[in-house]
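Numbering (the working numbering), first residue to last: 247 to 1065. Backbone N, C-alpha and C define an ideal beta-carbon position, used for all residues, glycine too.
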RNA sequence: GCGGCUGUGGUGAAAUUGGUAAACACGCUAGGUUCAGGGCCUAGUGGGCGCAAGCCCUUGAAGGUUCAAGUCCUUUCAGCCGCACCA
């Protein structure tokens, strides 16, 4: 159709022009004092590892579309971007190729910026943050010193996870499926002096406040709750025969009468004290053996439980029985007290252990008030039961037994109620070069001395020698290591460890609110205006790591009154990944689609709309090259509908109704608005396609390009604004619109035009569809029923049966029930 | 083992939150187009029966609640993800 002299849609010809126009107009250049409601829109900043592909862009396109939408909705939108630029990949590249990290990082940033620009993805570039720049990491160091001052940073010798390939320690959160999150190597254990952040001090609040995050995906909240891992129970003291006592943690103090042995971790400090001379050899051999095991071997559920008797005995404080103390590697030194009471009848692990070593199994919880008697063939672990064989406590329910035994232990001074968390403190030291230097100095006289904050930043030397053995080059850079003590001026040594890059990303969203601020990490007034982030968008892989650390930072800063809200991200959206040929799109797999190709073949807008259309944004989706063609056809059709001049009328296409078209327009506005608010971009794109189809039907039925038509075209153009922004601008200009589309008001739904004069009412007989009848909207039940019963189809279905009652859903459905 | 999510056409998926299952798009079939093309237009496209009007079946499986179930409940199967000897 549209055989006209009108120009064809040529994306490559129009797109660059509009990108310049947005920059010139200062899109996303914002300040705090605008008389509009604020909206902080944020996508997770990337590690600049190289060219971006369309898999990455799903995130950025959604963020850009949402930011543009919020601008059109009248918000003062902060939409910043930056680079998480410290970290191992750049350092490893330097070791291999000799290119200094800063050089490769800056090159990658330039490429990425070019690609973002090409796709029409625009940010508040005047607020750009790069974590490896001194004006940023200076404040990361400053915050470290604050944490030190607040008692939230400390140094301690600990058995830590060591990645032999990356030559550095790892936080617990960075062991994923038992291997290094970055390189997949099995970590080993090392005893090292390391810096920690005391995230455990916030365990309860980090757990409680998950409830406040009602606009976060449930799965992320559940993952964080599991990671924090709160257990309620008690600590109980068991006297050690001869001397001292052994403290255990248990969630089931009600089972204490069934404790027939004790188990302590091989690393437990009491082991050497209690072991008897004739068992020492066995115990030492066992400890030696478990040291050689990797963490994964030891923590595997399939790992058969082993242990040895220490020769020592404890006294069960409730039964006064003498019970043997064992060591076994299924008890972890780092959880609870590193010791347990073995209750084989009511704990599957203890049951397995007792069977193997022929330790007594005594039933103390029964489903009824009587012991079930006989030998148990598995541990009875539920909380649904009663205490038996438990002296004065027999007959109590589990719940009452727990309360009473804790109360008695507290009264006797041999125990107390206790809550334990699985969460461990955050290990932040890294024995690597390309990171923020930890700003402390070791003085022979004064020990650990923080670098005074007016001497920040501690500069990371940028000309260092990379070593093939993977050792931190800072160790071999005398100009960095050798310094003087800030307290006494005597020669001293600088800390050569750098910080985990997750420290950098734990506060970058605050820096955006006042990038370039020189009196502190951020300007409190500006942070107060912008925070919290109203919409955060990023990958699910950060469900625990980055999102937990950032929450911890925000709470620490809140307690120090540096910020006024204690949660950083009010709403979170975790987008799914894009796959192609059955694998996640990536450079290394060679299945990436690069934006340059998409832009050259189809234009940026087609790539953008396709990424929004291809599936539910929170689920993984398969990239389909043919699907892109479908979206390209849609955008070309929109162009022809709005710019074309002659229209082919199809005979028999029915009457053209401008009222129907206008109603479809308002239905579309309504649908797109609700969908975008809910992040249902895929169905929003479908709705726009439906409107285009309706516009085409109208013209083919002989509809005129009159005033009403033009109005629909203008609304269609504005609705396309956030998603296909270049096309929308061009169409807007060609329709004689003033200014830029992105600064137009988002179309409003007209409730009057939305109303249909006629509705299609579904008629059912006994719940089965029998007819569809056009009725005037608002028809009452009696009339609707009368009309339904006139239908020949309905009469045939009814036969001789009488209608006993009808269920009427106004304007939608009537069900005639015969029985 | 514990926790969470997902099962709908040949494919990606939709379904106003209990009210027309399969919108929108890909693919396919047929036709048209002064149609070079992967362009554009029209019609068709879950399965079965029927010349037709129409009828029956269909949302992993089996039950249940309801006038009405993809949606709620119970059981079950499959796949994915998180945690995993956490006492």
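I think residue i touches residue j, with their Cβ atoms under 8 angstroms apart; what is that distance to the nearest whole Å?
i, j, result
"residue 786", "residue 820", "4 angstroms"
"residue 434", "residue 411", "Incorrect: roughly 11 angstroms between the Cβ atoms, too far for contact."
"residue 1007", "residue 1021", "5 angstroms"
"residue 328", "residue 375", "3 angstroms"
"residue 772", "residue 808", "With 8 angstroms as the limit, residue 772 and residue 808 do not qualify as a contact, their Cβ atoms being about 12 angstroms apart."
"residue 1017", "residue 1039", "5 angstroms"
"residue 880", "residue 947", "Wrong, their Cβ atoms sit about 20 angstroms apart, outside the cutoff."
"residue 752", "residue 415", "Not quite, the Cβ-Cβ distance comes to about 18 angstroms (not below 8 angstroms), so this is no contact."
"residue 1023", "residue 1002", "5 angstroms"
"residue 610", "residue 592", "7 angstroms"
"residue 494", "residue 484", "7 angstroms"
"residue 930", "residue 943", "The Cβ separation is near 21 angstroms, so there is no contact."
Leaving out five residues on either side along the sequence, give the residues of the same chain with a beta carbon under 8 angstroms from the beta carbon of residue i.
i, result
"residue 829", "835 and 837"
"residue 1064", "1011, 1012, 1044, 1047, 1048, 1049 and 1050"
"residue 981", "888, 956, 959, 960 and 963"
"residue 372", "275 and 761"
"residue 629", "644 and 645"
"residue 321", "282, 283, 284 and 285"
Less than 6 angstroms between C-beta atoms, sequence neighbours within five positions excluded: which residues of the same chain meet that for residue i?
i, result
"residue 716", "413"
"residue 1062", "1011, 1049 and 1052"
"residue 647", "500, 633 and 639"
"residue 301", "824 and 831"
"residue 313", "287, 323 and 325"
"residue 663", "480 and 652"
"residue 418", "670"
"residue 454", "none"
"residue 756", "768 and 773"
"residue 590", "596, 597, 600 and 607"
"residue 911", "958 and 961"
Applying the criterion that 16 or more other CB atoms from any shown protein chain within 10 Å of the CB defines a buried residue, is residue i buried or exposed?
i, result
"residue 827", "exposed"
"residue 795", "buried"
"residue 235", "One cannot answer for residue 235 here, as it falls past the ends of the chain, which runs 247 to 1065."
"residue 305", "buried"
"residue 287", "buried"
"residue 694", "exposed"
"residue 976", "buried"
"residue 426", "buried"
"residue 765", "exposed"
"residue 310", "buried"
"residue 1084", "What is shown of the chain runs 247 to 1065, which leaves residue 1084 out entirely."
"residue 532", "buried"
"residue 917", "buried"
"residue 445", "buried"
"residue 586", "buried"
"residue 725", "exposed"
"residue 801", "buried"
Note down, in chain order, each residue of its chain lying with its Cβ closer than 7 angstroms to the Cβ of residue i, except the 5 sequence neighbours on either side.
i, result
"residue 347", "336, 337, 340 and 680"
"residue 1013", "1061"
"residue 702", "384, 387, 388 and 685"
"residue 792", "748 and 751"
"residue 901", "947"
Below 7 angstroms, is the gap between the Cβ of residue i and the nearest heavy atom of the ligand ADP?
i, result
"residue 563", "The model depicted lacks the ligand ADP and carries no ligand whatsoever."
Whether or not the segment 294-307 and the segment 344-357 are in contact is what I'm after, with contact meaning three or more pairs of Cβ atoms, one per stretch, closer than 8 angstroms; do they touch?
yes
Scan the segment 701-730 and note each continuous beta strand (DSSP E) run of 3 residues or more that stays entirely inside, going in chain order.
728-730
Tell me whether the segment 560-579 and the segment 502-513 touch, counting them as touching only if at least three CB pairs, one residue from each stretch, are closer than 8 angstroms.
They touch, by the three-pair rule.
Quick check for students: name the residue ranges of the beta strand (DSSP E) that lie wholly in the segment 967-1040, counting only runs of 3 or more.
1004-1011 and 1014-1022
Give, in chain order, every unbroken run of the beta strand (DSSP E) that is at least 3 residues long and sits entirely within the segment 294-354.
322-324
Could you pull out every unbroken beta strand (DSSP E) segment of at least 3 residues lying fully inside the segment 350-421, listed in chain order?
399-409 and 414-416
Cβ contact (3+ pairs, closer than 8 angstroms) linking the segment 742-751 and the segment 671-687:
yes
Does the pairing of the segment 595-615 with the segment 515-526 give three or more beta-carbon distances under 8 angstroms?
no
Flag this pair as touching only if the segment 961-974 and the segment 883-892 have three or more C-beta atom pairs under 8 angstroms; answer yes or no.
yes
Ordered list of beta strand (DSSP E) runs contained in the segment 728-796, each at least 3 residues:
728-730, 737-740 and 781-785
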